[in-house]
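Participant: Everything in the sequence shown is counted per the numbering used here, starting at 12 for the first residue and increasing by one.
Note that beta-carbon positions come from the ideal geometry of N, C-alpha and C, so glycine has one too.
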Amino acid sequence: MAYDLSVIGANPALLALAILCALSSVGFFVLTRRASLADWSARRVGVGFASWLAVFLLPFWVLGPYSFISWDFDGFFAVPAFQWFSTHPGVFAHAISGGIDADLFAPGRQHVQPEVLLAKVLPTWIWILAHKAMVASLGFWGAFLLARRFLPDHPGMAAAAALPFPVAQTYLLNYSVEFGTGFSVIPLAVWAALATEAGRRYWLRVAAVGVLVAFAQPMKVFPPLAVAMVGAAILL
Numbered sequence: 012m013a014y015d016l017s018v019i020g021a022n023p024a025l026l027a028l029a030i031l032c033a034l035s036s037v038g039f040f041v042l043t044r045r046a047s048l049a050d051w052s053a054r055r056v057g058v059g060f061a062s063w064l065a066v067f068l069l070p071f072w073v074l075g076p077y078s079f080i081s082w083d084f085d086g087f088f089a090v091p092a093f094q095w096f097s098t099h100p101g102v103f104a105h106a107i108s109g110g111i112d113a114d115l116f117a118p119g120r121q122h123v124q125p126e127v128l129l130a131k132v133l134p135t136w137i138w139i140l141a142h143k144a145m146v147a148s149l150g151f152w153g154a155f156l157l158a159r160r161f162l163p164d165h166p167g168m169a170a171a172a173a174l175p176f177p178v179a180q181t182y183l184l185n186y187s188v189e190f191g192t193g194f195s196v197i198p199l200a201v202w203a204a205l206a207t208e209a210g211r212r213y214w215l216r217v218a219a220v221g222v223l224v225a226f227a228q229p230m231k232v233f234p235p236l237a238v239a240m241v242g243a244a245i246l247l
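So this is what it looks like as structure tokens:
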């Protein structure tokens, strides 16, 4: 759903969120005026990201079980599907559409999916919160490490370059549950494979990030990952 000013103004929750975002922008401006991003240390970047993450995740925890979920796709398909998969480990869904193959119902379904594992042990709103935190964190830190490749002496500037990535595309926001952490891990995969020095730890890094990539939905995530790898290989 597209939110224009008329829709936001007519919805108290959206209006409150828009005001909060505006106030956050003012706070960020004041903070950066008092201390230039060029002077930020890596430790300060970590503290700043933790603060940003708390505000970013606000819609997903502030109301507990009544917290936000986009109804456009995550709410009416992905979350109910993962809840079902968490309690029905088989590959045939008897209760859906008179009985269907679960892999046809959810193309690209992984054998191991963090969100489904979390849904087994956590209330719905908490595992959604955990998923959103993983997407934002993996996206930011992957982009941050990649940006440090070009700004090794300026962590603050690298953080500023990386921060837009977790909110840069709808698959990282309102459609993220279906795709898991797949899209958010693309910068980290590029960094591990192409932007780090070869050595004893190189293959350990690649293997560790490869595990995260394996959680991705292959039909949608692997094509842009391949394009990103080729593009980065040319540029780096």
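1. What does the Cβ neighbour count give for Pro-166, buried or exposed, with the cut at 16 atoms within 10 Å?
2. May I ask which residues mark the beginning and end of the alpha helix (DSSP H) holding Trp-82?
3. Taking a contact to mean a Cβ-Cβ separation below 9 Å, would you say Ala-147 touches Leu-162 in this structure?
4. DSSP has Asp-112 in a bridge; who is on the other side?
5. For the alpha helix (DSSP H) that Leu-205 lies in, which residues bound it at each end?
6. Look at the alpha carbon of Pro-76 and the alpha carbon of Trp-136, and state the distance between them as a whole number of angstroms.
7. Can the beta-carbon of Asp-83 be found less than 9 Å from the beta-carbon of Tyr-186?
8. In this structure, does DSSP put Val-73 in helix, strand or coil?
9. In this structure, does DSSP put Trp-51 in helix, strand or coil?
10. Just how far apart, CA to CA, sit Ala-49 and Arg-160?
11. Got a sec? Which residues, its chain only, sit under 6 Å from Ala-154 by beta carbon, not counting five neighbours each side?
12. Report the rounded CA-to-CA distance for Val-217 versus Glu-126, giving the unit in angstroms.
13. Going by beta carbon distance, what residues of the same chain come within less than 7 Å of Leu-183, once the five residues before and after it are set aside?
14. Whole angstroms are fine: how far does the CA of Trp-51 sit from the CA of Leu-64?
Facilitator: Result, derived from the coordinates:
1. Residue numbering aside, residue 166 sits at position 155 when the sequence shown is read from its first letter. Buried, by the Cβ-count rule.
2. If you number the sequence shown from 1, residue 82 lands on position 71. Segment: none, Trp-82 is in no alpha helix (DSSP H) and carries neither H nor E.
3. Mapped onto the sequence shown, residue 147 falls at position 136. Mapped onto the sequence shown, residue 162 falls at position 151. No; because the gap between Cβ atoms is not below 9 Å, this pair is not in contact.
4. Translated into positions along the sequence shown, residue 112 becomes position 101. In DSSP, Asp-112 forms a bridge with Phe-103.
5. Along the sequence shown, one-based indexing puts residue 205 at 194. Counting along the chain, the alpha helix (DSSP H) containing Leu-205 begins and ends at 197 to 205.
6. On the sequence shown, residue 76 is found 65 positions in, with the first residue counted as 1. On the sequence shown, residue 136 is found 125 positions in, with the first residue counted as 1. About 5 Å.
7. Numbered from its first residue, the sequence shown carries residue 83 at position 72. Numbered from its first residue, the sequence shown carries residue 186 at position 175. Yes, these two residues count as a Cβ contact at 9 Å.
8. As a first step, residue 73 is located in the sequence shown; it is residue number 62 there, counting from the start. Correct three-state label for Val-73: coil.
9. By one-based count along the sequence shown, residue 51 stands at place 40. Three-state DSSP puts Trp-51 in coil, outside helix and strand.
10. Residue mapping note: residue 49 aligns to position 38 of the sequence shown, counting from 1. Residue mapping note: residue 160 aligns to position 149 of the sequence shown, counting from 1. Whole-angstrom Cα-Cα distance: 15 Å.
11. Counting from 1 along the sequence shown, the entry for residue 154 is found at position 143. Cβ neighbours of Ala-154 beyond the five flanking positions: Ala-173, Phe-176, Pro-198.
12. Numbered from 1 along the sequence shown, position 206 holds the residue referred to as residue 217. Numbered from 1 along the sequence shown, position 115 holds the residue referred to as residue 126. Approximately 23 Å between the Cα atoms of the pair.
13. Indexing the sequence shown from 1 puts residue 183 at position 172. Correct list, in chain order: Val-146, Gly-150, Pro-177, Phe-194, Ser-195.
14. Numbered from its first residue, the sequence shown carries residue 64 at position 53. Numbered from its first residue, the sequence shown carries residue 51 at position 40. For Leu-64 and Trp-51, the distance between alpha carbons rounds to 18 Å.
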